[in-house]
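Residue 1 is where the sequence shown starts when you use the UniProt record's numbering, and the numbers rise one by one after that. Below: one structure, written as structure tokens.
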Amino acid sequence: MEMPRSGMIGTDWHARGTGIMAHNLLTESLIRFETTEGQQTGSLPDVYAALMADRVESFPALRAHQEPAWHLFLAQLGAIACHRAGLDAPPDDDAAWQDIIGCLTRAEFPNDEPWSLVVEDWSKPAFLQPPVPEGVTLKDDAVLAPDALDMLITSRNHDLKQEVAQAAYDDDWMFALVSLQTMEGYGGPKNYGIARMNGGSSSRVLLSLAPMSQTVGEPSVRYGRRLKRDLTQLLRRRESILEQTAIPYRETYGIALTWAVPWPEGEQLALEDLDIWFIEVCRRVRLEDSASRLFAKVGNSSAERVRAKHLNGNIADPWAPVHPVESKALSITERGNFHYRRIVELTLSGEWQLPPLAELGADELDTTPNWLLAFAAIARGNTVTGGFKSRTIPLDGRTARRLGAQRRELHQLATEQISEIKKIDDALAGAIGVFGRSGVYWRDVPKDRRKKEGERQRKRAQPYRDRLDVVADRAFFRALWARFEAQDQGSSEAVEDARRAFLLPLIDATRDLLEEGLADIPCPSIHRPRAEARARRWFEAQIRSDRETKAGGSVGFPGLFDKRNDTEVAHAA
């Protein structure tokens with residue numbers, strides 16, 4: 001079915017205030033989605049039904065950074081609708097979804113204004129667009145493209161934005177609204193962000209378990225299986241999560257759709273008046289239709305929509321890691337990412353409280369053989385973003401259970417593995433330093449030149465150390481699970497085999513990086529043969545060295561290799 005472009009539904013618009021509506025997400029086929037049978041278009045209830053049947057392969061209009069926002073929106077809305085309908089599991093058919101979602105608003109809005117992209121009467125809500133009160137005006141400048149409305153700070157290429165605007169469909173605008181209203185941070189004076197983040201320069205983090213796809217190739221998350229799992233767990237754990245949070249959310253009939261209630265200038269919603277899964281909107285925005293094209297008008301507000309700034313994002317978001325001592329949600333800064341050290345800190349150290357959906361429910365302990373631990377966030381600084389960051393880590397059911405029951409043992413192994421990576425990294429940096437000094441060992445560098453030479457060495461080695469870190473990052477968790485499994489078997493031989501399976505390929509990859517460095521880094525030709533030989537010897541000596549460090553433990557891995565000539569090792573080290 002060919003989908004109409006934005007505004008091309010044949011509605012003849014009149015003056016604002018007539019109450020004319022169109023682009024109804026509950027009843028019109030406005031959302032494109034791919035299935036194994038090809039592309040289809042459907043209403044929001046159609047999408048839910050297709051997702052529950054695990055038929056959705058992708059959403060053509062959905063950009064990568066919008067995927068977390070879309071998933072969270074669908075899960076929260078679905079959980080709210082099912083709870084209000086008294087259901088303990090999500091329904092399968094579109095008619096049921098249309099009924100339970102419509103029942104959230106039809107008593108007050110029988111014409112589905114809260115689900116329509118365009119509502120001419122601005123005193124009423126539109127989809128993720130709160131009513132505009134008297135005395136409040138929106139900016140005259142129209143936002144012509146959905147990517148310009150979206151929360152992500154995008155390219156300055158205006159030709160690209162015009163091209164997107166010319167090709168925009170209704171679902172392009174829908175996804176931009178979901179992304180903006182449920183994930184945006186502080187954007188300057190009177191442009192406030194959402195409550196579910198630790199300050200306006202932070203971001204909303206998604207951390208959860210998701211059923212692993214059984215398809216051939218790389219492990220992946222399927223939209224439908226993930227949504228059905230999260231929806232089911234939200235319904236089953238609602239009471240326990242309400243009991244565990246210190247926030248007095250309304251147990252029944254709290255405000256759930258914050259765009260459907262008035263937003264008087266300066267007034268804020270109190271958490272105690274909200275449903276625990278409330279869907280928030282943080283900006284004043286309205287879509288309009290003119291000359292067969294949608295565009296947006298945006299405005300400012302004198303205060304955050306939800307009064308929760310003092311809680312630093314710690315408001316019982318079921319996907320957000322929380323620091324229990326500092327009572328704050330996780331922040332991903334402008335240059336942040338989901339590096340293995342950060343993930344170990346978040347999931348294993350005990351310093352962070354895992355969100356409910358990152359842990360298995362009681363009914364999931366033996367039902368799903370393979371899982372993915374999924375991370376996603378926008379890296380954000382002061383009114384800038386560092387881009388979309390995401391990562392998935394495969395783990396089997398036993399490992400998923402251990403994230404809760406045996407976290408301390410896993411953390412100890414992970415700490416050892418991080419220490420081993422550092423040893424290899426130090427050996428690489430030292431070897432490149434020897435080469436960069438034309439074969440002069442560090443012990444022979446005059447003390448008055450060591451500070452400057454150390455800075456030069458770090459600069460030379462950093463590109464190769466960064467690439468080593470990428471190699472280690474890719475192998476880290478697969479190796480960690482294997483080592484823990486071997487340790488669990490109680491066989492010292494299996495433990496050593498798992499250790500070697502991680503270290504030996506990593507050391508081989510480091511040798512390759514060293515060779516690249518020897519080829520790339522300038523060195524006087526007269527000194528090159530000696531510099532290359534000494535750099536290689538330094539590296540091999542360091543990774544084999546049994547010399548103790550100040551912190552305890554050996555510099556290298558003396559038991560990992562066949563013994564070499566001790567005199568050569570001692571001379572190089």
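Note that CB positions come from ideal geometry on N, CA and C, so glycine has one too.
1. Please report the distance separating the alpha-carbon of residue 578 from that of ASP112.
2. Please classify THR347 as buried or exposed, where buried requires at least 16 neighbouring CB atoms within 10 angstroms.
3. Taking the beta carbon of GLY553 as the centre, do at least 16 other beta carbons fall within 10 Å, making it buried, or is it exposed?
4. Using three-state DSSP, classify TYR223 as helix, strand or coil.
5. Which whole-angstrom value describes the C-beta separation of LEU480 and GLN417, a residue pair presumed to lie in contact below a C-beta threshold of 8 Å?
6. On the three-state DSSP scale, how would you describe LYS452?
7. CA-CA distance, GLU304 and ARG465?
8. At 4 residues or longer, what runs of the alpha helix (DSSP H) sit wholly inside the segment 225-293?
9. Return the CA-CA distance between ASP94 and LYS139, expressed in angstroms with no decimal places.
10. Three-state secondary structure (DSSP) at THR510?
11. To the nearest angstrom, how far is the alpha carbon of ASP147 from that of SER202?
12. To the nearest whole angstrom, what separates the beta carbons of LEU506 and ALA482, a pair I think is in contact under 8 Å?
13. Name the residue from ALA69, ALA22, TYR48, VAL285 whose alpha carbon lies nearest to the alpha carbon of SER390.
14. Beta-carbon separation of LEU234 and PRO318 under 8 Å?
15. I'd like to know whether the C-beta atoms of ASP477 and TYR340 end up nearer to each other than 8 Å.
16. From ASP363 to SER302, what distance separates their C-alpha atoms?
17. With respect to the alpha helix (DSSP H) encompassing LEU428, which residues constitute its N-terminal and C-terminal limits?
18. Three or more C-beta pairs closer than 8 Å, one from the segment 174-192 and one from the segment 350-370: is that the case here?
19. Can you tell me which of the three DSSP states ARG460 falls into?
20. State buried or exposed for ALA53, treating a residue as buried only when at least 16 other CB atoms are found within 10 Å of its CB.
21. Looking at the secondary structure, which residues open and close the alpha helix (DSSP H) in which ARG537 lies?
22. May I have the straight-line CA-CA distance separating ASN314 from TRP122, to the nearest angstrom?
23. Could you give the first and the last residue of the continuous beta strand (DSSP E) run that contains ARG196?
24. Kindly identify the DSSP beta-bridge partner or partners of ILE393.
25. In whole angstroms, give me the CA-to-CA distance for PRO219 and ARG536.
26. Ignore the nearest five residues each way along the sequence and tell me which others in ASN157's own chain have a CB closer than 7 Å to its CB.
27. Rounded to a whole number of angstroms, what is the C-alpha to C-alpha distance between SER155 and LEU403?
28. So, at 6 Å on beta carbons, what are the nonlocal neighbours of ILE100 in its own chain, with the 5 sequence-adjacent residues on each side left out?
29. Give, in chain order, every unbroken run of the beta strand (DSSP E) that is at least 3 residues long and sits entirely within the segment 71-141.
30. Report yes or no: do three or more beta-carbon pairs, one from the segment 219-230 and one from the segment 331-340, lie closer than 8 Å?
31. From PHE33 to HIS71, what distance separates their C-alpha atoms?
32. Does DSSP put LYS550 in a helix, in a strand, or in coil?
33. With distance defined between alpha-carbon atoms, name the residue in GLY556, ARG307, LYS297, ALA377 nearest to VAL136.
34. Between GLY17 and the rest of its own chain, which residues show a CB-CB distance below 6 Å, the 5 nearest in sequence each way excluded?
35. Below 8 Å on the Cβ atoms is my guess for LEU51 versus MET174; work out the distance and round it to an integer in Å.
36. With 16 as the cutoff for other CB atoms within 10 Å, does GLY38 come out buried or exposed?
Result, derived from the coordinates:
1. Not covered by the structure: residue 578. The range shown for the chain is 1 to 573.
2. buried
3. exposed
4. helix
5. 6 Å
6. helix
7. 43 Å
8. none
9. 38 Å
10. helix
11. 21 Å
12. That pair is no contact at about 14 Å.
13. ALA69
14. yes
15. Sequence inspection shows Phe at residue 477; the Asp mentioned does not correspond to that position. In contact: PHE477 and TYR340 (Cβ atoms closer than 8 Å).
16. 45 Å
17. 407-436
18. no
19. helix
20. exposed
21. 528-544
22. 33 Å
23. Unbroken run through ARG196: none, as it is neither H nor E.
24. LEU373
25. 38 Å
26. Confidence at ASN157 is low in this model, with a pLDDT of 47, below 50, so the placement of that residue is unreliable and no value is reported for it.
27. Only weak support exists for where SER155 lies, its pLDDT of 42 falling under 50; the value from the coordinates is given anyway. So the alpha carbons of these two residues sit roughly 40 Å apart.
28. ALA81, ALA85
29. 116-119
30. no
31. 14 Å
32. coil
33. LYS297
34. Caution is warranted here: a pLDDT of 43 is assigned to GLY17, below 50, making its placement in the model unreliable, and no coordinate value can be reported.
35. Not quite, the Cβ-Cβ distance comes to about 15 Å (not below 8 Å), so this is no contact.
36. exposed
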